[in-house]
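The opening position of the sequence shown corresponds to residue 423 in our numbering, with each subsequent residue numbered one higher. Scroll down for the structure; my scribbles are underneath it.
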Amino acid sequence: MFVMSVPASQTFPDVGVSRPASNANKVDLPAPEAPTIATGSPAAISNETERTMVSKPSGLLTCLVRLSALRTLSKLGSALALGVCWWLIAFSDAAAASDRTVLVLGDSLSAGYGIKPAQGWVALLEKRLQTQGYEYRVVNASISGETSGGGLERLPRALEAHKPAIVILELGANDGLRGLPLAQTRDNLTKMVAGARDKGAKVLLVGMRLPPNYGQRYTTDFMNMYREIAKSSRVALVPFLLQSVALKPALMQADGLHPTADAQPALLDTLWPQLTPLLQKR
């Protein structure tokens, strides 16, 4: 079958093509973002829009805002007051802790050379303080091999960090064993005593003695040096820490210089009578 197409007698507008209205006065366009209410004039649209706007805050809204601000300020004030209270408590605790601190600045005799730290006389000191009702904490800043010169360099930082009430100064033995000039050792120890006292700490000076092979004059002057410093500085003195053990081989290590663990209670007993007058109970 043969199909023929015949052109239409009428032509219709193309789909998707718009043409302007023949009469613009008859076109109503809705106002943007406004209710779809037909209006006769732009003035009506303007009046309707103005009625939907609030030019002044309502009294209720203002009251709520003020109440919210007051509550916020109240919370901030409470938080600030709580923070200040916690700061005061922490500061008070830190000050109390520093007032109850014993700082030990020494050499291997106080550092516990050749034994466990818990066996040394410094550790035993802390236990005795607690059992006898002295609420002190003990800070052991002793180092094996330390000299009076090294202690003089370290002391300011230790005083600043721990703010001790009492400083036990056990140094000078290594100076003597090295044959250093006694005038230098005396000067270092005197400066350490003065530095600790300037920070408000009480000082207990712990003396030592040297083996006789260093010569009578040097060993005698070394022994007397501690007495002279204690007298001129007016501080408490333990003349010889190893007084009760030095001549007992069973209580000394193989080197003949350092006491054993069994000797540590005796060292504490030697020091204790000079320390107790410096202690205070709460």
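Backbone N, C-alpha and C fix where the C-beta goes; we use that ideal spot for every residue, glycine too.
Counting every other CB atom within 10 Å of its CB across the protein chains shown gives residue 684 a total below 16, marking it as exposed. The residue from 587, 582, 559 and 593 with its alpha-carbon nearest to that of residue 571 is 593. Of the candidates 556, 562 and 632, the residue whose Cα lies closest to the Cα of residue 664 is 632. Under the three-state reduction of DSSP, residue 658 is assigned to strand. Comparing C-alpha distances from residue 660 to each of 649, 620 and 544 shows the shortest one belongs to 649.
When 658, 590, 671 and 599 are compared, the shortest CA-CA separation from residue 641 is found for 599. Counting along the chain, the unbroken beta strand (DSSP E) around residue 592 starts and ends at 588-592.
In the same chain as residue 699, and ignoring 5 residues on each side of it, the C-beta atoms closer than 8 Å to its own belong to 658, in chain order.
The C-beta of residue 608 has 16 or more other C-beta atoms within 10 Å across all chains shown, which makes the residue buried. Here residue 682 carries a coil assignment [DSSP, helix/strand/coil]. Membership of residue 528 in the beta strand (DSSP E) is indicated by the continuous run 523-528. Per DSSP, reduced to three states, the secondary structure at residue 579 is helical.
In the structure shown, residue 626 adopts extended strand secondary structure according to DSSP, grouped into three states.
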